[in-house]
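2 protein chains.
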Amino acid sequence: MALDLEKMGIAAREAAFKLAQLSTEQKNEILKAMAQALVDNTAAIIAANQVDLEKATEMKSSFVDRLTLDEARIKDIAEGLRQVAALPDPIGNVDKGWINQDGLQIVQRRVPLGVVGMIYEARPNVTVDAAGLCFKSGNAVILRGGKEALATNIKLAEVLQQVLVENGIAKEAIQIITETSHQVAEKFMQLNGYLDVLIPRGSARLIQTVIQKATVPVIETGAGNCHVYVDSQADLAMAEKIVVNAKCQRPSVCNAAETLVVHADVAEEFLPQVAKALAKYNVELRGDARTCEILGDAAVPATERDWDTEYNDYILAVKVVDTLTEAIVHINTHNTKHSEAIVTDSYANGQRFVNEVDASSVYINASTRFTDGFVFGFGAEIGISTQKLHARGPMGLEALTTTKYVISGQGQIR
Amino acid sequence: MALDLEKMGIAAREAAFKLAQLSTEQKNEILKAMAQALVDNTAAIIAANQVDLEKATEMKSSFVDRLTLDEARIKDIAEGLRQVAALPDPIGNVDKGWINQDGLQIVQRRVPLGVVGMIYEARPNVTVDAAGLCFKSGNAVILRGGKEALATNIKLAEVLQQVLVENGIAKEAIQIITETSHQVAEKFMQLNGYLDVLIPRGSARLIQTVIQKATVPVIETGAGNCHVYVDSQADLAMAEKIVVNAKCQRPSVCNAAETLVVHADVAEEFLPQVAKALAKYNVELRGDARTCEILGDAAVPATERDWDTEYNDYILAVKVVDTLTEAIVHINTHNTKHSEAIVTDSYANGQRFVNEVDASSVYINASTRFTDGFVFGFGAEIGISTQKLHARGPMGLEALTTTKYVISGQGQIR
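So the sequence lines, in the order shown, correspond to chains A and B. Numbering-wise (our numbering), the first sequence opens with residue 1 and increments by one. Numbering-wise (our numbering), the second sequence opens with residue 1001 and increments by one.
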């Protein structure tokens, strides 16, 4: 390979050192200048995007749609950078501080991670979003996007880097891996000593590859096999609304529901009701034996595999349980620890569900679709962590920081 | 291999589910019962330890010392469990809570990680310490200690498991890997889906192996190439005291200093002074050219490798720099991001040092030896993280937890 990843890593580390010392105001001004530069370079960006689109003629329309940039989308992406500029800066915040038994003043201070690696698919908006969030949080970033978006990503990075240079910052604060072979990707995942974290975003397969191959610290994101459990004590009108929303409002995303679990006490009443509502969206129902018995032709039999499948489509697995415990065990066995909801009017059942279900986000009487950095109020999202280390659930700017203990003494020794 | 790690993982996960629901009082009572059980089984533990010691006749005395358990040490280990029982329980604490724009009450609650894996060397006290800290924080633990301590570890685990069973808890909450082959260790590092985190504790080599082989999330611990920088504005009497303490008080540990960096303005005065003080401990000084010129026979020339070496011994590398910037660059280039100290009376230099040096713990006018969970006031320590994800610096009970968002709605949909 021609590409020298180690050299990129060294340059990123050097840039990160400088970024960590920038003031919030400096960072915000540069982010706003980047937004303006994107708008100013709309024609050049669309031209680069055209190069990618011409090669993507055989792709699915949804793929091409995500790859395509037009004037309106570039405006939106630029607006995203302005929003990041407007967010509070986590760097320098003090989480805790105390004086220890030796009289040392110990202060835990938020600092940037250093160098962030991102691996993602052919979505050029992620290039700018990630660059913006990393920059705001004082991190250098190395981006490895899908090969189908390479020309677009290179142009986008060029525009951002130009702004960096104009502001006296090394352009290596934002770098693109321009060689998209698997060999280079694998070496990237093993760039220990340069990458402080690697965040994969995209398909379950991409994320699994990173987990298997990476030797640098990884934050696992995205996979969402989410459930809605309709309890024996549920308000069934509310349950219907929540199930339809969780499944149909945007089925392609990770916080959409994939399995409906229904208590036997309400199954005969609720299942036909919700099946009718879901039929308006042509949702295919894959039920266990009891569900199929109740719904007849309106459902097809589910296989064991269905309980573990993230459809990202208008398909819903359905299971009837006799107890809350059975529901919790089913969910904990099959979920991806992303988002889980109970619909119930029982205080005790709601408490048990949120206490015992293992997931980043557990809901009582609300749709799983709310698991999102913007909806949660973080103002941004670099991804949704489905692992337990460092960050869990939607990740905003703070997830891109770490801490350092600053200890002030007067000559203390041990 | 005969050992079924997956089965151990399943059992651990099931045990973890129950542990997460225990009250603080239940956990504390069990920890105290464990402490008593260790004391009550002193004879049996010493007998098991004897089996290990008989095989360790060819080992270094420091190794044998760490492996040895006697009545006093077992009492100390039991006392450690009682101290863990007395610590505040992080589980259930709410870090943050707010109402979002949709009227959802979002609460970020501390929960156990789930299943913790530990890989460590032949130090039986770590077996009990780790089991106690994981239990208190509601985690199941799978322990893989050094093979030289196997008989001891099995007996210690048996004693602890007996207490678990007497209290109605699955003994798989604390498990020992009884087959100490590399093949099993490697499979352990790749037990995805069962291990929520793997914490290696021990030599740099052990930790590097885990980083290279593990596919589960890892917290890197321990390696400490720590520096003391004596600034041009330093109080040289204080500097001498701090350097001697950081190097000599306990050279074998990770927060001991390995390199002294001295500003040229004070080198001629300070180096002979500190060399004299260090000579009392027979510290070997390995200096750069300027150091050797000043110290003559009192130092030997350092090689490039010395700047990257964690001696863990009575050896100190010494470098003279012309500027604070040169000191910071040297430290950031060679350190392991553990603990770094400046001795100075300059406010500006102190601020620059703590802002720009990249380490878990940065000190002004105090010894690097203070980086320690007990000294920091955490009441316990599962290790010292030298990575930036999840936890950085000394890790107490909270580092063994993650969070879950609990979201209470009234039927909200998106």
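Backbone N, C-alpha and C fix where the C-beta goes; we use that ideal spot for every residue, glycine too.
What are the partner residues of E25/A, as DSSP defines its beta bridges? BP columns for E25/A are empty, so no partner.
Assess contact between the stretch 1203-1214 of chain B and the stretch 393-403 of chain A, defined as three or more Cβ pairs (one per stretch) separated by less than 8 Å. Is contact present? no
Would you verify that the beta carbon of T1309/B is, or is not, closer than 8 Å to some beta carbon of chain A? no
Taking a contact to mean a Cβ-Cβ separation below 8 Å, would you say G377/A touches I364/A in this structure? Going by C-beta atoms, G377/A is not nearer than 8 Å to I364/A.
So, with DSSP's three-state summary, where would you put K60/A? coil
Through-space distance from A1257/B to H338/A, alpha-carbon basis: Answer to the nearest angstrom: the Cα atoms are 43 Å apart.
Hey, is T1371/B close to the ligand PLP, as in C-beta under 7 Å from one of its heavy atoms? Ligands displayed in this structure: none; no statement on the ligand PLP is therefore possible.
Just checking my contact of K1241/B with I413/A at CB under 8 Å: how many whole Å lie between their CB atoms? With a Cβ gap of about 6 Å, K1241/B and I413/A count as contacting.
Cα-Cα separation, M1395/B to G1114/B: 17 Å
Curious, which full-length alpha helix (DSSP H) runs of at least 4 residues does the stretch 1316-1381 of chain B contain? Correct list: 1324-1334, 1347-1356 and 1373-1376.
I331/A versus T42/A: straight-line alpha-carbon distance, rounded: A straight line joining the alpha-carbon of I331/A with that of T42/A spans about 47 Å.
Just the C-alpha distance for K1147/B and N1028/B, rounded to the nearest angstrom, thanks. Each residue's Cα considered, the two are about 30 Å apart.
Helix, strand or coil for H182/A per DSSP? Three-state DSSP puts H182/A in a helix.
Let me confirm a value: K276/A is counted as buried when at least 16 other C-beta atoms fall within 10 Å, else exposed. Which label applies? exposed
In chain order, what residues of the same chain lie with their CB nearer than 6 Å to the CB of R1392/B, ignoring the 5 residues before and after it? S1360 and S1385
Can you list, in chain order, the residues of the stretch 185-211 of chain A whose Cβ is nearer than 8 Å to any Cβ on chain B? Taking 8 Å as the Cβ-Cβ cut-off against chain B, the residues of the stretch 185-211 of chain A that qualify are N192, D196, V197 and I211.
Counting contacts by CB-CB distance shorter than 8 Å, is N49/A in contact with chain B? no
CB contact below 8 Å: L389/A versus chain B: yes
For the stretch 231-261 of chain A, which residues have a CB atom closer than 7 Å to at least one CB atom of chain B, in sequence order? M238, K241, I242, N245 and Q249
Test item: CB-CB of K155/A and L31/A under 8 Å: no
Run through chain A and tell me which residues come within less than 8 Å of V1274/B, C-beta to C-beta. Under the 8 Å cutoff, chain A gives no residues; its nearest Cβ is about 14 Å from V1274/B.
Closer than 8 Å, CB to CB, is G80/A near chain B or not? no
Using a Cβ-Cβ cut-off of less than 7 Å, give me the residues of the stretch 103-125 of chain A that come near chain B, in sequence order. L104, I106, L113 and G114
Measure the CB-CB distance between V1228/B and L1260/B and report whether it falls below 8 Å. yes
Measure from the C-beta of V1094/B to each C-beta in chain A and report whether the shortest distance is under 8 Å. V1094/B does not count as touching chain A.
Decide yes or no for the touch test of the stretch 1139-1153 of chain B against the stretch 163-173 of chain A: beta carbon pairs closer than 8 Å, at least 3 of them. No: fewer than three Cβ pairs fall under 8 Å.
Option in E54/A, N167/A and L3/A with minimal Cα separation from A37/A: N167/A
Which residue or residues does DSSP assign as beta-bridge partners of M1395/B? Note: M1395/B is bridge-paired with G1383/B in the DSSP secondary-structure output.
Length of the line joining the Cα atoms of I99/A and V1357/B: 22 Å
Cross-chain neighbours of K1075/B in chain A, by beta carbon under 7 Å: The premise fails here: K1075/B is roughly 24 Å from chain A at the closest Cβ pair, so nothing lies under 7 Å.
Own chain residues within Cβ distance below 8 Å of Q1083/B, not counting five before or after: G1379 and A1380
Give the straight-line distance between the Cα atoms of V1141/B and M1008/B, rounded to the nearest whole angstrom. 10 Å
Neighbour-count burial assignment, P1200/B, 16 or more Cβ in a 10 Å radius: buried
Using a Cβ-Cβ cut-off of 6 Å (strictly less than) and excluding sequence neighbours within five positions of A48/A, which residues of its own chain qualify? A151, T152 and K155
Could you tell me how far apart the beta carbons of E1310/B and V1300/B are, in whole angstroms, since I believe they sit closer than 8 Å? About 18 Å separates the two Cβ atoms, so there is no contact after all.
Could you pull the DSSP bridge partners for A390/A from this structure? In the sequence as presented, Ala is not what sits at residue 390/A; that position holds His. Its beta-bridge partners do not exist; DSSP assigns none.
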